[in-house]
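Using this note's numbering, read the sequence shown as starting at 43 and increasing by one per residue.
I have placed the structure first, in the form of structure tokens, so that the comments after it can refer back to it.
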Amino acid sequence: MFDLRIKILLITSLFLSPLLLKAQVNTNIGAGIEMGLPSGNFSNLSGIGLGASVKADLPVAENFAITLNAGFINFFGKSNALFTVQDLTYIPAKAGLKYQLSESFYAEGQLGAALPLNKDQKTLFAWSPGLGNQFKLPGGDKLDLGIRYEAWTGKNNTIGLNKSDTKGFVGIRFAYVLGL
43 MFDLRIKILL ITSLFLSPLL LKAQVNTNIG AGIEMGLPSG NFSNLSGIGL GASVKADLPV
103 AENFAITLNA GFINFFGKSN ALFTVQDLTY IPAKAGLKYQ LSESFYAEGQ LGAALPLNKD
163 QKTLFAWSPG LGNQFKLPGG DKLDLGIRYE AWTGKNNTIG LNKSDTKGFV GIRFAYVLGL
């Protein structure tokens, strides 16, 4: 009987949490375009990445939100007289925390995975700290401009090598955000 009460309480809390969270601050969903500027060794393989993403901010306190982010990004391969690098295409899926430093300025950190769409590529662990600013529009919607450092790490794809495969880049995101 005691276990049943706990289960009912947990299920009720789960279903009521969106109402409680929404009472504190608004949920936001934004769709945006992404640009990735490779750094370090990754800049030898690609000069730029372009993509799109969707991000939801789910408030948990007055200045804190849980973020869910999924997208698509293609890093265009470089070529020279000796070799040609194929484009690297990934679906990054991340979750994290966002803190409002002021009414429009925020800091966030996210963790997740970069899922490859190319053959012979492996899923990579993704992490990214960043900053951004949201500009209010008439009607409650916003424009979001964010910048972050993002790194994807995993095991090297080359047989016989046990080295880390890291792809690091500076990410810039410009999004239209709907306040719900």
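Note that beta-carbon positions come from the ideal geometry of N, C-alpha and C, so glycine has one too.
Quick caveat: nothing in here was measured; it's all calculated off a predicted structure.
Comparing alpha carbon positions, the residue from F147, T195, G91 and R215 closest to G154 is T195. Fewer than three beta-carbon pairs drawn from the region 101 to 108 and the region 118 to 128 are found closer than 8 Å, and the two stretches are therefore not classed as touching. Burial of D186 is indicated by the presence of at least 16 other C-beta atoms within 10 angstroms of its C-beta. In its chain, beyond the 5 residues on either side, G210, F211 and V212 have a beta carbon closer than 7 Å to the beta carbon of S81. Between the region 159 to 169 and the region 130 to 138 there are three or more inter-stretch CB-CB distances shorter than 8 Å, so the stretches are counted as touching. In terms of Cα proximity to M77, the closest of G113, K140 and N68 is G113. Here DSSP, grouped into helix, strand and coil, assigns G82 to helix. Using a Cβ distance threshold of 8 Å, Q176 and S146 count as a contacting pair. In this chain, the beta strand (DSSP E) harbouring V96 covers S88 to P101. Residue state for D162 is assigned as coil, using DSSP reduced to three classes. Between S85 and K136, the C-beta spacing is not below 8 Å. For the pair Q152 and T208, the CB atoms are not nearer than the 8 Å cut-off. Where A107 is concerned, the enclosing beta strand (DSSP E) starts and stops at F106 to G119. For P134, the uninterrupted beta strand (DSSP E) run begins and ends at L130 to Q142, by DSSP. Residue environment: A73 is assigned as exposed (fewer than 16 neighbouring CB atoms within 10 Å of its CB, all protein chains considered). Membership of G182 in any beta strand (DSSP E) is not indicated, and neither H nor E is assigned to it by DSSP. Of the residues assessed, F216 falls on the exposed side of the cut-off, its CB having fewer than 16 other CB atoms within 10 angstroms.
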